[in-house]
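This report refers to the structure that appears directly beneath it.
2 protein chains.
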Amino acid sequence: MVNDLKDILIDNGISPSYHRLKIYEYLAQNKTHPTADMIYEEVIKQIPTLSKTTIYNTLKTLSEKGLVSSITIEDNEVRYDADMSFHGHFKCLDCGILYDIELDQMSIDKRLSISRKIQGHHITERQVYFKGICKKCHK
Amino acid sequence: MVNDLKDILIDNGISPSYHRLKIYEYLAQNKTHPTADMIYEEVIKQIPTLSKTTIYNTLKTLSEKGLVSSITIEDNEVRYDADMSFHGHFKCLDCGILYDIELDQMSIDKRLSISRKIQGHHITERQVYFKGICKKCHK
DNA sequence: TATGACATGTGTAATGATTACACTTTTGTA
DNA sequence: TACAAAAGTGTAATCATTACACATGTCATA
Numbered sequence: 006m007v008n009d010l011k012d013i014l015i016d017n018g019i020s021p022s023y024h025r026l027k028i029y030e031y032l033a034q035n036k037t038h039p040t041a042d043m044i045y046e047e048v049i050k051q052i053p054t055l056s057k058t059t060i061y062n063t064l065k066t067l068s069e070k071g072l073v074s075s076i077t078i079e080d081n082e083v084r085y086d087a088d089m090s091f092h093g094h095f096k097c098l099d100c101g102i103l104y105d106i107e108l109d110q111m112s113i114d115k116r117l118s119i120s121r122k123i124q125g126h127h128i129t130e131r132q133v134y135f136k137g138i139c140k141k142c143h144k
Numbered sequence: 006m007v008n009d010l011k012d013i014l015i016d017n018g019i020s021p022s023y024h025r026l027k028i029y030e031y032l033a034q035n036k037t038h039p040t041a042d043m044i045y046e047e048v049i050k051q052i053p054t055l056s057k058t059t060i061y062n063t064l065k066t067l068s069e070k071g072l073v074s075s076i077t078i079e080d081n082e083v084r085y086d087a088d089m090s091f092h093g094h095f096k097c098l099d100c101g102i103l104y105d106i107e108l109d110q111m112s113i114d115k116r117l118s119i120s121r122k123i124q125g126h127h128i129t130e131r132q133v134y135f136k137g138i139c140k141k142c143h144k
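Here's what the structure looks like:
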């Protein structure tokens, strides 16, 4: 598993330092869409000298190379996701959990996920998100 | 025009103070998706004593009452839009302009815009956005 | 018209995620 | 072993937003 991730880093032109590998590994194994701070709090358990700047630097690198997407829904936090398949998100305004939303179920046209252009503009990134109260909190 | 907007405020349970009316008027007449700061810089020309806190308070009120939507695409800025019809946005990473995107053209299923529930969660807000380089900047 | 209570607006200070930057450590190669 | 480049660290700065205490405006009633 870890070796797979290491190869993915190498294949994408990122030298697989221990820090980068652990951060990427955490994101690949936790589908919780953590913030930079959440990642820091967890990964520091394995790397006690870890700096928060390293978290930001690494996330920026992973993001630029297309291995991780940054999800901006609220202006006061960015969430990170190692699942690069096209899907949407639902954020519960009560508990804060970010759920994945399969957009196929919404019959979203394939064009939304694959088109490189829209109204003449060149697309590099796309997001679909919802906010509200989740199933659990609604009771 | 101004009277129409005044009525809209009243109909939505917002007492139409001069400040609120001017801020709402600015948003209704400018389709530029301004930030709080941009609104402040413009409206202060008409109300020299205007405070930025009033901008934030008013935007919060308008947003809560459903007269304005706040668009979060980048984590360091929130844009505001008085056009409450369902549409997407495209942000140019070069010039920063936010374009409206008609989602009908993308054959987005009507369900995306009207459904109240998704995977059991109760939806109160939805956004579709794209990032990239716009037509003008791409040359 | 005066009074008083509540709504609205102001200005400054605090917050907090992110970034800038200078310095330190690690890595890989000769 | 030495050295240059890459990677990581820690502190300080940034900046949009929010908190909060005080000031002003509004409006109903006496």
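Top line first, the protein sequences correspond to chains A and B.
If you use my numbering, the first sequence corresponds to residues 6 to 144, in order.
If you use my numbering, the second sequence corresponds to residues 6 to 144, in order.
By construction, the Cβ of each residue, glycine as well, lies at the ideal position given by its N, Cα and C atoms.
From the beta-carbon of residue 18 (chain B), no residue of chain A is found nearer than 8 Å; the closest lies around 21 Å away.
Here residue 132 (chain B) is buried, its C-beta having at least 16 other C-beta atoms within 10 Å. Neighbourhood of residue 133 (chain A) in chain B, by CB distance below 7 Å: 133, in chain order. Out of B:140, B:107, B:54, B:32, the CA that lies nearest to the CA of residue 100 (chain B) is found in B:140. Residue 76 (chain A) carries a strand assignment under DSSP once its states are collapsed to helix, strand and coil.
Taken in chain order, the complete beta strand (DSSP E) segments of 3 or more residues contained in the segment 22-108 of chain A are 74-79, 82-86, 93-97, 103-106. If you look at residue 131 (chain A), you'll find it in the beta strand (DSSP E) that goes 126-138.
Around residue 92 (chain A), the same chain offers 105, 106, 107, 108 as residues with beta carbons nearer than 7 Å, after the five sequence neighbours per side are excluded. Here DSSP, grouped into helix, strand and coil, assigns residue 19 (chain B) to coil. One thing to note: residue 76 (chain A) has its Cβ no nearer than 9 Å to the Cβ of residue 28 (chain A).
Around the CB of residue 44 (chain A), 16 or more other CB atoms lie within 10 Å, so the residue is classed as buried. Rounded to the nearest whole angstrom, the CA to CA distance from residue 94 (chain B) to residue 134 (chain A) is 12 Å. Under the 9 Å criterion on CB atoms, residue 69 (chain A) is classed as non-interfacial with respect to chain B. Interface criterion met: the Cβ of residue 123 (chain A) is under 9 Å from a Cβ in chain B.
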